[in-house]
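Residue numbers (mature numbering (1 follows the signal peptide of the UniProt record, and there is no 0)): -29 to -1, 1 to 240.
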């Protein structure tokens, strides 16, 4: 019996050592110097969230967040390698050290900050409820009896899930990406949706899309760049770089380019 246990223990130790050997090949860099030495910046993005990140006609990632990531790479003097994730996959990408940073309309919340660290805000938007103009919705009570769609793992997911718990009869339908959510709204699969305050811009490009409008604001969220917990060297460099991007007007210029409106006043912490 002892021999069996000793053999199992040796096997487990061997597996752990093997994992430790393999970890550096997938682990993110922990400091700015390490990123520069490695010769690339690895960033998680979600290309289903226009105007922040989407694929252009050549299937190349573009958008507000993509340009922010590329400008970060330029400031570090290294190219950017993008790793595509969904909204629920943003935190796991950092926890498993697949990426150095997440730049993907990543709302800063205390719950998320338990698992990962955030930079100061670089952008912000309001989460809103969108529905057909013909549907009367003035507040959460008007969602009772309706199918309400949202993207899984987003800020509006938390807000509308709490609203549904407090107001029985709201039927929540979750989608893995924003494009699927928009398609469900246009096709009539859902009666209303939670999304960003830019959402109706893309609904208007779809068939009958001009029949949609924002109904009410859920909450204003501020986006930070996510990094691994305790990665203070990299996070502080990002904060310094974002400060320069804010004060020289670069972030506002990107907002006008992709959102057709200036950024809201961005708080700091």
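Ideal Cβ placement from N, Cα and C applies to all residues, glycine included.
All of these numbers come straight from a predicted model, not from anything done at the bench.
Of the choices the options, whose alpha-carbon is the least far from that of residue i?
i	options	result
residue 191	197, 166, 211	166
residue 193	75, 220, 68	75
residue 83	115, 235, 207, 59	59
residue 112	90, 142, 126, 92	142
residue 2	204, 215, 233, 100	204
residue 184	11, 144, 137, 107	107
residue 144	5, 138, 156	156
residue 21	240, 229, 238, 239	229
residue 9	206, 44, 34, 66	44
residue 239	42, 114, 210	210
residue 91	223, 222, 214	214
residue 154	77, 32, 120, 124	120
residue 103	223, 159, 235, 34	159
residue 15	235, 36, 29, 30	36
residue 34	237, 235, 236, 231	231
residue 31	54, 47, 12	54
residue 212	56, 47, 68	47
residue 86	56, 174, 62	62
I need the DSSP call for residue i, collapsed to helix, strand or coil.
i	result
residue 230	helix
residue 58	helix
residue 223	helix
residue 237	coil
residue 97	strand
residue 80	coil
residue 32	strand
residue 73	strand
residue 157	helix
residue 49	coil
Quick check: residue i and residue j, are their CB atoms within less than 8 Å of each other?
i	j	result
residue 149	residue 132	no
residue 24	residue 197	no
residue 105	residue 163	no
residue 79	residue 220	no
residue 200	residue 88	yes
residue 94	residue 226	yes
residue 96	residue 168	yes
residue 98	residue 127	yes
residue 101	residue 49	no
residue 114	residue 134	yes
residue 117	residue 187	no
residue 130	residue 189	yes
residue 223	residue 233	yes
Could you pull the start and end residues of the alpha helix (DSSP H) that residue i belongs to?
i	result
residue 3	3 to 9
residue 298	Residue 298 lies beyond the stretch modelled for the chain, which goes from -29 to 240, so this question has no answer here.
residue 214	203 to 218
Residue range of the beta strand (DSSP E) that residue i falls in?
i	result
residue 199	197 to 199
residue 13	12 to 16
residue 163	163 to 167
residue 191	183 to 194
Quick check: does the Cβ of residue i come within less than 7 Å of any heavy atom belonging to the ligand SAM?
i	result
residue 146	Absent from the structure shown: the ligand SAM. Ligands present: none.
What ranges does the alpha helix (DSSP H) occupy inside the region 102 to 154, keeping only unbroken runs of at least 4 residues that lie completely in it?
126 to 137
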